[in-house]
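Undergrad:
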Amino acid sequence: MTKPVIIGVAGLALTQAERDLLREHRPKGVILFGRNVQNRPQLSELTASLWDVLPADAVIMVDQEGGRVARLRAPDWPELPAAAALRSRQAAFDHGKALAAMVRECGFNVIAAPVLDLFYPGASSVIGDRALSDEPETVARLGAAIAEGIIAEGVTPVMKHLPGHGRAQVDSHFALPRVEASEAELAADFYPFSANNTLPWAMTAHIIYAALDPDYPATLSRKVIDRIIRGLIGFKGVLVSDDLAMEALTGSPAERAVAALRAGCDLALYCPGDMAGNVAVLQAVSDAA
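The opening position of the sequence shown corresponds to residue 5 in the working numbering, with each subsequent residue numbered one higher.
1. Taking all protein chains shown into account, do 16 or more other C-beta atoms lie within 10 angstroms of the C-beta of Ala214, making it buried, or fewer, making it exposed?
2. Any idea if Glu69 is buried or exposed, counting beta-carbon neighbours within 10 angstroms, 16 or more meaning buried?
3. Go to Met279, then tell me how far its alpha helix (DSSP H) extends in each direction, as first and last residue.
4. Look at the Cβ atom of Asp80, then the Cβ atom of Val73, and state whether they are nearer than 7 angstroms.
5. Would Lys7 and Val289 qualify as a contact pair, given that the criterion is a beta-carbon distance under 7 angstroms?
6. Excluding the 5 residues preceding and the 5 following Ser245 in the sequence, name in chain order all residues of the same chain whose CB lies nearer than 6 angstroms to its CB.
7. So Ala151 packs on Met163, CB below 8 angstroms; how close in whole Å?
8. DSSP state of Tyr274, grouped into three classes?
9. Under 7 angstroms, do Ala292 and Ala258 count as touching if we go by C-beta distance?
10. Compute the Euclidean distance between the alpha carbons of Glu109 and Ala17, then round it to the nearest angstrom.
11. Between which two residues does the alpha helix (DSSP H) holding Lys32 run?
12. For Ile131 versus Gly170, is the C-beta distance shorter than 7 angstroms?
13. Based on the DSSP output, what are the partners of Trp205 in its beta bridges?
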């Protein structure tokens with residue numbers, strides 16, 4: 005049985021220690037980043053080695069949105085535009101299809117896209133041009149088309165970041181955002197996710213929404229996951245945390261992973277690729293099961 009954890013690995017090839025860890029602990033999957041990518045032959049060899057040691061139902065995941073969020077880059081791969089440049093449903097579908105074709109041929113089966121957060125002028129630039137629009141209906145429509153293009157290539161899309169990251173005034177990679185909007189105001193942020201609630205995977209946001217749970221960020225909030233993400237938004241698929249190594253969260257990697265799973269995330273995502281953190285997270289999840 006696989007453990008509900010997706011981890012990173014350190015470099016361009018698996019070490020023997022990483023192979024042993026993956027075989028022994030059987031995580032749900034691995035996520036790769038720029039540190040793991042040099043060129044096509046190297047990446048294909050790395051993903052092949054991962055498939056050799058991961059369980060049959062595992063995932064190999066990558067962040068590949070286009071624009072500034074891209075792990076596969078020129079000259080080996082095409083540079084696709086940021087989501088904000090997409091203006092039609094056909095362009096969005098073609099974008100999703102191109103993203104998925106690119107990653108599928110390298111051995112990935114899950115892609116962390118589309119972003120369904122709204123653009124808010126004056127908010128943190130962490131979303132910025134990653135957002136399709138400031139209009140909820142436009143984001144919902146174009147986001148659905150990106151997801152359809154991804155699925156058409158046999159890859160699983162992950163919509164992000166529930167229940168909405170666009171209003172954040174600080175970057176959750178470095179600090180914990182707190183959004184003070186009322187629940188009525190947040191309905192606009194929820195809409196693109198509600199309109200796409202049948203998609204197979206979604207990712208949480210490390211943000212406190214004061215009107216929903218003043219104490220815990222969404223990733224760690226049973227209130228937000230049960231009442232808003234699973235209830236009001238109606239998402240029934242696989243819910244994966246955002247990277248638990250981000251500085252928005254406190255506590256050890258192991259404590260963060262256990263807290264995310266207890267709050268209602270289906271999968272804990274721990275990305276840095278450090279052996280000590282990977283071991284701690286996988287062991288903690290085993291002990292808490």
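Just so it is clear, CB atoms sit at the ideal spot from N, CA and C, and this is done for glycine as well.
TA: Judging by the given coordinates:
1. exposed
2. For Glu69, the number of other beta carbons within 10 angstroms of its own is at least 16, and it is reported as buried.
3. 279 to 292
4. no
5. Yes, the pair counts as a contact, with Cβ atoms nearer than the cut-off.
6. Result list for Ser245: Thr208, Thr223, Ala264, Cys269, Ala272, Leu273, in chain order.
7. Taking the Cβ atoms as the reference, Ala151 lies roughly 7 angstroms from Met163, within the contact range of under 8 angstroms.
8. strand
9. Not a contact, by the Cβ cut-off of 7 angstroms.
10. 18 angstroms
11. Segment 31 to 36 is the beta strand (DSSP E) holding Lys32; no alpha helix (DSSP H) there.
12. Contact check for Ile131 against Gly170 passes: the beta carbons are separated by less than 7 angstroms.
13. Val162, Val242
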